[in-house]
Amino acid sequence: MSTFLVFVATSDGKIKRSSLEVLSHARSQAEKRGMLLAAAVVDTDATRYSDEIQSYGAKTIYAISNPVFKTHLNASLIQALSTIIETAKPSIFACASTEATKDVLGALGASFNAAVLPDVASFELTDNGVSALRPVMAAKVLSQNTATGDLILISVRSGSYDSAKSPVTAEVKNIGFQPSDFAAVLREILTSAGEKVDLSEAQVVVAAGRGVKDEVGRKLIEDLSEVLGAAIGASRAVVETGLFPATAQIGQTGKVVSPQLYFAIGISGAVQHTAGMANSKVIVAINKDADAPIFQMATYGLVGDLFKILPLLTEELRKLK
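So my numbering is basically just the index in the sequence shown, starting at one, shifted up by 71.
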């Protein structure tokens with residue numbers, strides 16, 4: 072029986088939502104093709120995630136635990152996943168598309184001389200390999216891609232699939248691992264001031280655009296995000312003004328998000344930005360320009376002055392808490 076291996080990424084003691092989405096879709100594909108669904112997890116104590124992983128259908132869990140993963144240095148992650156792939160010998164390896172896996176997937180592809188399908192929006196197993204749709208041209212076009220070979224590596228955009236549990240009893244295999252010397256060592260990860268929620272994993276995002284324009288506007292964004300328990304995002308235009316850090320940038324040259332609820336505030340809806348948030352389930356747009364392109368994709372739209380609307384909205388939401 073061939074193996075479908077999914078890398079389950081973790082952060083701050085929790086499994087990333089995007090990894091559970093990939094694992095859920097991989098399960099349905101593995102079942103259709105009679106494949107064994109396995110998971111790879113790498114952390115300081117990888118086995119603590121076993122119960123949750125098996126609740127999503129993985130029948131075998133390959134776990135590597137090592138203190139080096141406290142900082143999740145990509146070089147050590149590449150080595151660990153290489154060790155697991157050599158052990159599990161999968162025909163398909165999939166992971167969520169993140170800043171880290173963009174680096175990792177390429178290195179694994181080169182190491183194993185494997186076909187790579189990066190940053191896909193969807194994929195299906197075929198008789199000969201994998202068929203996938205990949206967003207191109209700022210997500211305005213979906214490109215059909217196919218891959219064949221003994222090993223195919225795939226990374227999947229966040230929000231492409233829903234996560235769904237299907238509990239099984241998994242066999243946990245602890246894999247011995249000793250990292251090699253690294254050319255660089257990551258000592259510490261510093262989060263941006265005020266960054267309380269992981270933007271790429273957030274269920275609710277409040278995003279600011281050029282219309283926010285000043286410190287008063289930024290405070291309104293912060294107040295709304297606080298009452299919603301949301302992560303703060305931003306368009307490239309407002310990031311370039313210095314109001315928000317580059318780590319908050321969403322779009323073609325920033326992060327890709329897929330929250331359940333996305334507030335686009337003072338954002339016109341340029342393709343550069345919408346490429347990073349098009350998979351949001353519900354989009355609420357607030358803009359004084361009734362012809363702004365963002366309203367074409369918004370679930371709900373409100374035309375008006377954000378400086379008047381946001382204080383009222385935030386106050387009403389506080390009353391509901």
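Idealized CB from N, CA, C, for every residue including glycine.
Keep in mind the model is a prediction, meaning the values are calculated, not measured.
Same chain, Cβ closer than 8 Å to residue i, five either side skipped, listed in chain order
{"i": "residue 385", "result": "291, 294, 295, 298"}
{"i": "residue 377", "result": "282, 283, 288, 291, 336, 337, 357, 358, 359"}
{"i": "residue 361", "result": "374"}
Beta-carbon proximity of residue i to residue j, cut-off 8 Å
{"i": "residue 185", "j": "residue 223", "result": "yes"}
{"i": "residue 136", "j": "residue 189", "result": "no"}
{"i": "residue 192", "j": "residue 231", "result": "yes"}
{"i": "residue 338", "j": "residue 365", "result": "yes"}
{"i": "residue 109", "j": "residue 161", "result": "yes"}
{"i": "residue 335", "j": "residue 354", "result": "yes"}
{"i": "residue 301", "j": "residue 276", "result": "yes"}
{"i": "residue 374", "j": "residue 359", "result": "yes"}
{"i": "residue 216", "j": "residue 205", "result": "yes"}
{"i": "residue 243", "j": "residue 154", "result": "no"}
{"i": "residue 175", "j": "residue 145", "result": "yes"}
{"i": "residue 98", "j": "residue 237", "result": "yes"}
{"i": "residue 86", "j": "residue 120", "result": "yes"}
{"i": "residue 330", "j": "residue 367", "result": "no"}
{"i": "residue 163", "j": "residue 187", "result": "no"}
Of the listed residues the options, nearest to residue i (C-alpha basis)
{"i": "residue 169", "options": "381, 158, 270", "result": "270"}
{"i": "residue 321", "options": "343, 301, 300", "result": "343"}
{"i": "residue 332", "options": "323, 92, 350, 319", "result": "350"}
{"i": "residue 245", "options": "97, 159, 348", "result": "159"}
{"i": "residue 234", "options": "218, 128, 363", "result": "128"}
{"i": "residue 393", "options": "132, 183, 172", "result": "Nothing can be reported for residue 393: it is not among the residues displayed for the chain, which extend from 72 to 392."}
{"i": "residue 151", "options": "96, 171, 105, 250", "result": "250"}
{"i": "residue 105", "options": "83, 84, 130", "result": "130"}
{"i": "residue 173", "options": "326, 319, 369, 310", "result": "326"}
Exposed unless 16 or more other CB atoms sit within 10 angstroms - verdict on residue i
{"i": "residue 264", "result": "Residue placement at residue 264 cannot be trusted, given a pLDDT of 49 that sits under 50; what the coordinates show is reported in the next sentence. Exposed, by the Cβ-count rule."}
{"i": "residue 73", "result": "exposed"}
{"i": "residue 399", "result": "Since the displayed the chain opens at 72 and closes at 392, residue 399 lies outside it and no answer follows."}
{"i": "residue 111", "result": "buried"}
{"i": "residue 195", "result": "exposed"}
{"i": "residue 382", "result": "exposed"}
{"i": "residue 352", "result": "exposed"}
{"i": "residue 389", "result": "exposed"}
{"i": "residue 197", "result": "exposed"}
{"i": "residue 211", "result": "exposed"}
{"i": "residue 214", "result": "exposed"}
{"i": "residue 280", "result": "buried"}
Contacting residues, own chain, Cβ-Cβ under 7 Å from residue i (five flanking each side not counted)
{"i": "residue 314", "result": "283, 289"}
{"i": "residue 240", "result": "125"}
{"i": "residue 123", "result": "86"}
{"i": "residue 248", "result": "135, 137, 151, 154"}
Same chain, Cβ closer than 6 Å to residue i, neighbours up to 5 away in sequence not counted
{"i": "residue 101", "result": "75, 108"}
{"i": "residue 114", "result": "81, 140"}
{"i": "residue 138", "result": "115"}
{"i": "residue 178", "result": "149"}
{"i": "residue 93", "result": "77, 165, 167, 227"}
{"i": "residue 348", "result": "321, 328, 333"}
{"i": "residue 147", "result": "139, 250"}
Which ranges does the beta strand (DSSP E) cover as unbroken runs of at least 3 residues, wholly within the region 120-172, from first to last along the chain?
131-136, 163-167
Jot down the residue ranges of each uninterrupted beta strand (DSSP E) in the region 283-321, minimum 3 residues, whole runs only, in chain order.
302-305
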